[in-house]
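Okay, so here's the structure we're looking at.
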Amino acid sequence: MNLEEFFNMGGYAFYVWSSYGIALLVLLVNIIAPLRQRNKLLNKIADTARRQARRNA
Amino acid sequence: MNSDSLTRAFLILIRRDLMLAVRHRAEMANPILFFVLVTSLFPLGIGANPALLQAVAPGVIWVAALLAALLSIENVFRSDFEDGSLEQYLLSSHPVSVLVLAKITAHWLITGLPLLLISPLLGILLGLPVDAIKVLFITLLLGTPVLSLIGAVGVALTVGLRKGGMILSLLVLPLYIPVLIFASSAVDTAAAGLPVTAHLSLIAALLLLALSLSPFATAAALRVSLS
Amino acid sequence: MFNNFFHRMASPKHFYGLAGILIPWLAVPCLLLTLAGLYYGLVKAPPDYQQGDSYRIMFIHVPAAWMSLFIYIVMAGAGAIGLIWRIKLAEVVAISSAPIGASFTFLALITGSIWGKPMWGTWWVWDARLTSELILLFLYLGVIALNNAIDDKRTAARAVAILALVGVINIPIIHYSVEWWNTLHQGPTVTKFDKPSIHLSMLIPLLLMAVAFKLYYAFVVLMRARCEVLERERNSGWVKELAEKT
Chain A
1 MNLEEFFNMG
11 GYAFYVWSSY
21 GIALLVLLVN
31 IIAPLRQRNK
41 LLNKIADTAR
51 RQARRNA
Chain B
1001 MNSDSLTRAF
1011 LILIRRDLML
1021 AVRHRAEMAN
1031 PILFFVLVTS
1041 LFPLGIGANP
1051 ALLQAVAPGV
1061 IWVAALLAAL
1071 LSIENVFRSD
1081 FEDGSLEQYL
1091 LSSHPVSVLV
1101 LAKITAHWLI
1111 TGLPLLLISP
1121 LLGILLGLPV
1131 DAIKVLFITL
1141 LLGTPVLSLI
1151 GAVGVALTVG
1161 LRKGGMILSL
1171 LVLPLYIPVL
1181 IFASSAVDTA
1191 AAGLPVTAHL
1201 SLIAALLLLA
1211 LSLSPFATAA
1221 ALRVSLS
Chain C
2001 MFNNFFHRMA
2011 SPKHFYGLAG
2021 ILIPWLAVPC
2031 LLLTLAGLYY
2041 GLVKAPPDYQ
2051 QGDSYRIMFI
2061 HVPAAWMSLF
2071 IYIVMAGAGA
2081 IGLIWRIKLA
2091 EVVAISSAPI
2101 GASFTFLALI
2111 TGSIWGKPMW
2121 GTWWVWDARL
2131 TSELILLFLY
2141 LGVIALNNAI
2151 DDKRTAARAV
2161 AILALVGVIN
2171 IPIIHYSVEW
2181 WNTLHQGPTV
2191 TKFDKPSIHL
2201 SMLIPLLLMA
2211 VAFKLYYAFV
2221 VLMRARCEVL
2231 ERERNSGWVK
2241 ELAEKT
């Protein structure tokens, strides 16, 4: 099987590759979202802690 | 706490709610008006072709009943939540599930029963045959209590929320789907002149299931919402 | 000692650390299995004699549909454990599962629709499985909406647990009623998704992808649960320490 045939998917290229593309996208978004949320949360918590420390000083 | 006083508490609660409802008679008419209005929108929307109307009638009437039930169930705990008596129920020595069942029963008598009584009129408006109208009546008799019981769980979960109404429909409508399917296909089948015992037994089974589980779920949900 | 172990496991700090260690150990096998599944599914497996190459969508569609149901059951189970034994960690797992489950349900729907286009000639058919999947998506969205609407995290988690339990009792009823409805209103098209038997060359990638999706769920739910734990424990000492280090 050559590469062109592989990408052509027997004429169903659009359907097959869009399915796999959407799946990849959705699965990646689900990994990135909690990573970003964690960073945001930690930054926020550190911010509040610093502000509190300054107020106490 | 003996069962005698529990029965009394159950009946007192129903009587209280019915008396309150009689005092606000005008509000009782709203779900019925809504039900009739929504149903009569369909001929205007899709055309007055009698064959077409008769074909869609079971689904249309049942979807309208679903929406009317959804709109009215929102108020099942509203006034009790606002004046604090809901918290009193949770503190009472009676099982909360029984008190909840009394609330739901009263609510069904006030809002579900009128829908039932007006439904033959809608059947005639949409040109259903007499046999189908009879079956429509029975499906509503068995089905609307299920709607009230399922809806009560959703209301109990959203009772304290500001924008509860929109979320309530999102929670409850998917759970209404089996009732809609069995009931409207029962009416369809009756209109085609076929026996509907199987359909009706399935709706009755749903009613029994909802009757046995929903009061407990509602009670648990109220505890969470009011904690 | 056994009790002690569970107690330590359930402490938020310990969980946060342990989950952090576990995530790569789950993510790497998941990636390897996915690559193997893609290789066997897209390259090795021969085209179907009826559907040509379009059937390869199955390797995503079917495992995603399995996951959508599986995650809902896990969510309800974790919710029940949280409600009955008051284990906060179970609540966290339940609430973290909802968006992942919704994603898989969405994937199953959209790939089913894309697969349906060459097979049925239209993007959407009210086929029993697609309809059930659509209702399942509504159930997930209800859970997520309820969680977002309640400000207090603990109350939200317990409300969600009750809703998930009510949903899980209803799922078989909904599924059965939709199947029934579908046989009554059978259109001109017959579902082509179910095959009486499946050839081994197609079964291998299917199972590889199914296991990969399970691992994916495991590590993503841990990632989400870590965030949830951080947010709940924002005022405790170890979280502040952790935040200062970053």
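Residue numbers (the working numbering), protein chains in the order written: chain A, 1 to 57; chain B, 1001 to 1227; chain C, 2001 to 2246. Don't be surprised by glycine CBs; every beta carbon is placed ideally from N, CA and C.
**OP:** Identify every residue that forms a DSSP beta bridge with residue 2048 of chain C.
**Re:** Under DSSP, residue 2048 of chain C takes part in a beta bridge, and its partners are C:2052.
**OP:** Please decide whether residue 1163 of chain B counts as near chain C, where near means a Cβ-Cβ distance under 8 Å.
**Re:** A Cβ of chain C is located within less than 8 Å of the beta carbon of residue 1163 of chain B.
**OP:** Quick one: give me the first and last residue of the alpha helix (DSSP H) that residue 2260 of chain C is part of.
**Re:** Absent from the structure is residue 2260 of chain C, since the part of chain C shown begins at 2001 and ends at 2246.
Subject >> Residues from the region 42 to 53 of chain A in contact with chain C, defined by Cβ distance under 9 Å >> reply: The region 42 to 53 of chain A vs chain C, Cβ under 9 Å: 42, 43, 44, 45, 46, 47, 48, 49, 50.
Subject >> Residues that residue 2047 of chain C contacts on chain A, provided the C-beta gap is smaller than 8 Å >> reply: The contacting residues are 10.
**OP:** Would you be able to state if there are at least three C-beta pairs under 8 Å between the region 22 to 32 of chain A and the region 2091 to 2109 of chain C?
**Re:** They touch, by the three-pair rule.
**OP:** Tell me, please, whether the region 1184 to 1203 of chain B touches the region 2102 to 2117 of chain C by the rule of three or more beta-carbon pairs shorter than 8 Å.
**Re:** A contact is defined here as three or more CB-CB pairs under 8 Å, and the region 1184 to 1203 of chain B fails this definition with respect to the region 2102 to 2117 of chain C.
Subject >> Proximal residues, the region 2197 to 2227 of chain C versus chain A, C-beta separation under 7 Å >> reply: From the region 2197 to 2227 of chain C, only 2216, 2220, 2223, 2224, 2226, 2227 have a Cβ closer than 7 Å to chain A.
Subject >> Neighbour list for residue 2153 of chain C in chain A, Cβ cutoff strictly below 8 Å >> reply: Chain A residues near residue 2153 of chain C: none, gap ~13 Å exceeds 8 Å.
**OP:** Answer with yes or no whether the minimum CB distance from residue 2062 of chain C to chain E is below 8 Å.
**Re:** Structure shown: chain E not included; protein chains present are A, B and C.
Original post:
Does the beta-carbon distance from residue 1140 of chain B to residue 1154 of chain B come in below 8 Å?
Top reply: Cβ distance not < 8 Å, so residue 1140 of chain B and residue 1154 of chain B don't count as in contact.
Original post:
Hey, residue 2080 of chain C and residue 2161 of chain C are a contact pair by Cβ (cut 8 Å); roughly how many whole angstroms apart?
Top reply: Between residue 2161 of chain C and residue 2080 of chain C the Cβ distance is about 7 Å, and since that is below 8 Å, they are a contact.
Original post:
residue 1105 of chain B to residue 1117 of chain B, Cα distance in whole Å?
Top reply: Near 17 Å, if we compare the C-alpha coordinates of residue 1117 of chain B and residue 1105 of chain B.
**OP:** Could you run through the region 2124 to 2156 of chain C and flag, in chain order, every residue whose CB is less than 8 Å away from some CB of chain B?
**Re:** Answer in chain order: 2135, 2138, 2139, 2141, 2142, 2145, 2146, 2149, 2150, 2155.
Subject >> Secondary structure of residue 2192 of chain C, DSSP reduced to three states >> reply: Model confidence at residue 2192 of chain C stands at a pLDDT of 47, short of 50, so the residue's coordinates are unreliable and nothing is read from them.
Original post:
Along chain C, which residues have their Cβ under 7 Å away from the Cβ of residue 1227 of chain B?
Top reply: Within chain C, the residues near residue 1227 of chain B are 2155.
Original post:
Which residues in the same chain have their Cβ closer than 6 Å to the Cβ of residue 2191 of chain C, if we skip the five residues on either side of it in sequence?
Top reply: Reliability of the predicted coordinates at residue 2191 of chain C is poor, the pLDDT of 47 falling under 50, and the value obtained from them is presented with this limitation in mind. Around residue 2191 of chain C: 2127.
Original post:
Hey, how far is the Cα of residue 2055 of chain C from the Cα of residue 2034 of chain C?
Top reply: The straight-line gap from Cα to Cα measures roughly 18 Å.
**OP:** To the nearest angstrom, report how far apart residue 2013 of chain C and residue 2066 of chain C are at their CA atoms.
**Re:** Cα-Cα distance, rounded: 33 Å.
Subject >> Contact belief for residue 1145 of chain B with residue 2174 of chain C at Cβ below 8 Å, rounded distance in angstroms >> reply: Their Cβ separation, rounded to whole angstroms, is 19 Å, which puts residue 1145 of chain B and residue 2174 of chain C out of contact at 8 Å.
**OP:** Report buried or exposed for residue 2182 of chain C, applying the criterion of at least 16 other Cβ atoms within 10 angstroms of its Cβ.
**Re:** That one is buried.
**OP:** Report the neighbours of residue 23 of chain A on chain C: residues whose CB is nearer than 8 Å to its CB, in chain order.
**Re:** Neighbours of residue 23 of chain A in chain C, taken as residues at a C-beta separation under 8 Å, are given in chain order as 2060, 2064, 2107, 2111.
Original post:
Going by beta carbon distance, what residues of the same chain come within less than 8 Å of residue 1221 of chain B, once the five residues before and after it are set aside?
Top reply: Cβ within range, chain order: 1153, 1156, 1157.
Original post:
Where does the unbroken alpha helix (DSSP H) through residue 1129 of chain B begin, and where does it stop?
Top reply: Note, residue 1129 of chain B: premise wrong, no alpha helix (DSSP H); not H, not E.
**OP:** May I ask you to list, following chain order, the residues of the region 1166 to 1196 of chain B that have a beta carbon less than 7 Å from some beta carbon of chain C?
**Re:** Against chain C - using a Cβ distance shorter than 7 Å - the residues of the region 1166 to 1196 of chain B are 1167, 1170, 1171, 1174, 1175, 1177, 1178, 1181, 1182, 1185.
Subject >> Pick from B:1082, B:1032, B:1080, B:1051 that is closest to residue 1064 of chain B, judged by C-alpha positions >> reply: The option with the nearest alpha carbon to residue 1064 of chain B is B:1032.
Subject >> Own chain partners of residue 2016 of chain C with C-beta closer than 6 Å, once the 5 adjacent residues on each side are dropped >> reply: For residue 2016 of chain C, where only same-chain residues beyond five positions count, the Cβ hits under 6 Å are 2226, 2229.
Original post:
What residue ranges within the region 1098 to 1184 of chain B form continuous alpha helix (DSSP H) runs of no fewer than 4 residues, ordered along the chain?
Top reply: Counting only runs of 4 or more, we get 1113 to 1125, 1130 to 1158.
**OP:** Within the same chain, show all residues whose beta-carbon is closer than 6 Å to that of residue 2157 of chain C, passing over the 5 residues directly before and after it, in chain order.
**Re:** Result list for residue 2157 of chain C: 2091, 2095, in chain order.
Subject >> CA-to-CA distance, residue 2052 of chain C to residue 1183 of chain B, given in whole angstroms >> reply: Rounded to whole angstroms, the gap between the alpha carbons of residue 1183 of chain B and residue 2052 of chain C is 41 Å.
Original post:
Since residue 38 of chain A meets chain C, which of its residues come closer than 8 Å, beta carbon to beta carbon?
Top reply: Simply 2223, 2226, 2227, 2230.
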